[in-house]
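As structure tokens, the structure follows; a few thoughts come after it.
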């Protein structure tokens, strides 16, 4: 096996709101092309960890290094430019825009033309628009949402909106993709589809991914590594099989004593 | 002489080159055009690669996939090698696919994507004859490693390499194709028994196209849309062969789900659809109109009346008179033109329906809104045998025989076809071939008659005819097609029994339209099965069947009916892949319900096993009510 390149390094991350310690001294590494699952009971700090990585929250202590560059002090926008993208647990799309426009909006911070050029659609505006549309169309093809391309997001089913949410994150062409419960609230068929798309992305684009997921069967199937949190602390880390059989993990999830 | 499909491709390449578009597909949101030159070059590469892999004259190549230019490329490449092609319906199961592959002795399989490849790999050990499986959509298959697999890209590279070293090989190969070579195997839908494969030669196929064109000529500048299953002879005739013969452009929708939008974007001049799809269009229009503002409803109603009047006259080939024609022009401008545009039919000059029987009302309706719908009768064995003539469209008939076809009736009323382009027999099935081609005449197995003008009226499959009452012959399909015209009925099975005065009907309501109808009336429902048994819904279906009863002969009216608690489903073998009801199978399956309808009970408890989309099976318990068509509600 070839040595794994480290994509992100998280060291001694601590986050608290008032007196509540949400994350305590978390250290972990993300490796190039790997799919890391973060699991843990409700309130374990999974989403907070993701928010720290994406720049929504700023931890009191610790540092985050992305591709050798420290990003702890950067805000969401800067991190997004570096190639960190995410989806949300509660879908955050523009309901009044079409699927296509939602995906195109993900490209906006790479568009460099002004409103005048855009209005008349010439020169750079035209060139860039075509270029971005091609990237977006690749995502549409990958996620098989051709049929809803021009539909308003507000009128779509929950499962499809989740897919569009993933599509928007992919449209930024991320180097690191953070997925916050991408399968929550879906039926079996939708889950299978979504899991397949996530695997497709991982296989085709070799994107490094962090996924928060409760469905253990899915986690076991798709992840390369699993990190388990409980009460803001990292309890177990390792391959899916190891974690599944780890007594500490079983205890945290099922609440059983020795 | 261009007597084979590859020779026509060569002819078109020489005649049009890069100046005309042959195939146009929508991919990644954009319509991409392939000229005759590109068509020819792609086929050339694939063909020499095929030859290098050992595809020889007389071999078979199976193609499984949705309609895409790739299908055409591979088909023509295989034909250029002197091989025959056979399409397999893309929703066939792995086991069915295995049967087709083994029965046809296919040596290569061309698949669209992962879904199809997975199916083949699942039965890999059971198909020793298959040398390679070629696929063109690589999505999800980046990590597949199987010696059986080959991508289209790799094949094109091999082909390009070979072309450089051996110039002119493809032209030579085309030169070696012969009109009498088998070109295609058509597995018949098999409403009864084991599927059989009708063998058609290049010459036959081209002759069929020529005869069709003689009746209703298509223009070189026309556009058509390809989305009917490629395994079906209609698609092979109307698009693959016809476009090569005439040189018009074939358009391919992006996905099955986007077909209506893509048809609208294309604006085809020639369009062949199955009765189901035409019916579905009308259903949608009618439900939308019922939902519209009252003024719109009144205007639409008036326009339809004017349209029907003029449409009637047109069909009979008589003059409707200046007043009606003027009114029609107004109605057309205000109502029909926008409507046709919405349906994607604004440029349609030739609209065909084929596959199963269609209700005359469907033809009348489309004629009224200015779509010249024509009914066709044909089969895998004889191609298109009849069509409506231009100025004599009788909606209840299938029209008159085309040139080169001679049709008669046997003593039992079976339709017999004589022509010089009948099929060459069923593949590896001499017994059934002998029966079907007894005396050099094709026995269609359909029951029908001719009217005074020589128009063919197809009643039903001979095997499906039933006796009713005092033993009179009764055609369930006749009633079924008419009931299906209701926007609220998606499918229906009609059964008649000797000794019983009236027929019975098992109705599959249209969940979308009935659902909308119920919502508007604030009727609360949960599942399909719940909706189907609502008192109001039963009332609705009752009135719909009542309307049809008025048209049926008195001795063949529908007496009792029930709304089925589940939908008919090809996945459960209730219908063929082209959505024809498998009558015998269905009557056995629903024996209990049919007995109950024929009996006295007013309700029955049923446990139905259903196959879910993910392949698992489950049981659903529900109560189904029996209802009289006349008289009060049973409940």
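Chains as they are written, first to last, in my numbering: chain A, 206 to 463; chain B, 91 to 725. Backbone N, C-alpha and C fix where the C-beta goes; we use that ideal spot for every residue, glycine too. Here the structure is a predicted model, which means the values were calculated and not measured.
Proximity test, Cβ basis, 8 Å: residue i and chain B
| i | result |
| --- | --- |
| residue 331 of chain A | no |
| residue 462 of chain A | Interpretation of residue 462 of chain A is limited by its pLDDT of 42, a score under 50 that renders its predicted location unreliable; the figure taken from the coordinates is listed afterwards. Chain B contact via Cβ: absent. |
| residue 354 of chain A | yes |
| residue 297 of chain A | no |
| residue 429 of chain A | no |
| residue 206 of chain A | Model confidence at residue 206 of chain A stands at a pLDDT of 48, short of 50, so the residue's coordinates are unreliable; what they give is reported in the following sentence. It does not; no Cβ of chain B falls within 8 Å. |
| residue 398 of chain A | no |
| residue 405 of chain A | yes |
The alpha helix (DSSP H) enclosing residue i, as first and last residue numbers
| i | result |
| --- | --- |
| residue 193 of chain B | 184-194 |
| residue 495 of chain B | Counting along the chain, residue 495 of chain B falls outside any alpha helix (DSSP H), though it belongs to the beta strand (DSSP E) covering 495-499. |
| residue 206 of chain B | 204-212 |
| residue 476 of chain B | Taken as a continuous stretch (DSSP letters only), residue 476 of chain B belongs to no alpha helix (DSSP H), being part of the beta strand (DSSP E) at 473-477. |
| residue 422 of chain A | 421-427 |
| residue 138 of chain B | 126-142 |
Residue i, buried or exposed, once every other Cβ within 10 Å from all chains shown has been counted against 16
| i | result |
| --- | --- |
| residue 274 of chain A | exposed |
| residue 168 of chain B | buried |
| residue 312 of chain A | buried |
| residue 232 of chain B | exposed |
| residue 282 of chain A | exposed |
| residue 647 of chain B | buried |
| residue 392 of chain A | exposed |
| residue 420 of chain B | exposed |
| residue 369 of chain B | buried |
| residue 653 of chain B | buried |
| residue 217 of chain A | exposed |
Any C-beta of chain A under 8 Å from that of residue i
| i | result |
| --- | --- |
| residue 118 of chain B | yes |
| residue 158 of chain B | no |
| residue 147 of chain B | no |
| residue 656 of chain B | no |
| residue 150 of chain B | no |
| residue 514 of chain B | no |
| residue 243 of chain B | no |
| residue 637 of chain B | no |
| residue 557 of chain B | no |
| residue 518 of chain B | no |
| residue 209 of chain B | no |
| residue 229 of chain B | yes |
Where residue i meets chain A, residues with beta-carbon distance less than 8 Å
| i | result |
| --- | --- |
| residue 232 of chain B | 408 and 409 |
| residue 235 of chain B | Under the 8 Å cutoff, chain A gives no residues; its nearest Cβ is about 13 Å from residue 235 of chain B. |
| residue 624 of chain B | Simply none; closest approach about 25 Å. |
Proximal residues of chain B, C-beta to C-beta of residue i below 7 Å
| i | result |
| --- | --- |
| residue 351 of chain A | 344, 345 and 348 |
| residue 342 of chain A | 118 and 119 |
| residue 346 of chain A | 118 |
Terminal residues of the beta strand (DSSP E) in which residue i lies
| i | result |
| --- | --- |
| residue 442 of chain B | 440-443 |
| residue 416 of chain A | 413-417 |
| residue 710 of chain B | 707-715 |
| residue 637 of chain B | Here residue 637 of chain B belongs to no beta strand (DSSP E); instead the alpha helix (DSSP H) covers 625-639. |
| residue 112 of chain B | 111-117 |
| residue 236 of chain A | 225-236 |
| residue 578 of chain B | Taken as a continuous stretch (DSSP letters only), residue 578 of chain B belongs to no beta strand (DSSP E), as it is neither H nor E. |
| residue 339 of chain B | 339-342 |
Chain-ordered chain A contacts of residue i [CB-CB under 9 Å]
| i | result |
| --- | --- |
| residue 221 of chain B | Near residue 221 of chain B there are no residues of chain A at all, since even the closest Cβ is about 28 Å away, more than 9 Å. |
| residue 378 of chain B | Per Cβ cutoff of 9 Å: no residues; residue 378 of chain B is ~17 Å from chain A at best. |
| residue 539 of chain B | Within 9 Å Cβ-Cβ: nothing; residue 539 of chain B doesn't reach chain A, min ~44 Å. |
| residue 415 of chain B | Here the premise fails: no neighbours, minimum Cβ distance about 38 Å. |
Chain-ordered neighbours of residue i on chain A, where CB pairs are closer than 7 Å
| i | result |
| --- | --- |
| residue 214 of chain B | Per Cβ cutoff of 7 Å: no residues; residue 214 of chain B is ~22 Å from chain A at best. |
Chain D contact for residue i (CB, 8 Å cutoff)
| i | result |
| --- | --- |
| residue 327 of chain A | Protein chains A and B are contained in the structure displayed, whereas chain D is not. |
Restricting to runs no shorter than 4 residues, where is the alpha helix (DSSP H) found entirely within the segment 241-269 of chain A?
Listed in chain order, they are 251-259.
Whole alpha helix (DSSP H) elements within the segment 273-349 of chain A, 4-residue minimum
Runs found: 281-287, 304-310, 320-325 and 328-348.
Fully enclosed by the segment 218-296 of chain B, which beta strand (DSSP E) runs are 3 residues long or longer?
Correct list: 222-225, 239-241, 272-277 and 287-291.
Of all the beta strand (DSSP E) runs that stay within the bounds of the segment 497-541 of chain B, which reach a length of 3 or more residues?
Every beta strand (DSSP E) of 3 residues or more that sits fully in the segment 497-541 of chain B is shown, in chain order, as 504-509 and 532-540.
Please give the ranges of any beta strand (DSSP E) in the segment 390-447 of chain B, keeping only runs that are unbroken, at least 3 residues long and fully inside the region.
Annotation: the segment 390-447 of chain B contains the following complete segments of the beta strand (DSSP E) (minimum length 3 residues), in chain order: 440-443.
Would you list, in sequence order, the uninterrupted beta strand (DSSP E) runs of no fewer than 3 residues that lie entirely inside the segment 351-391 of chain A?
As for any beta strand (DSSP E) of minimum length 3 sitting wholly inside the segment 351-391 of chain A, the runs are 381-385, ordered along the chain.
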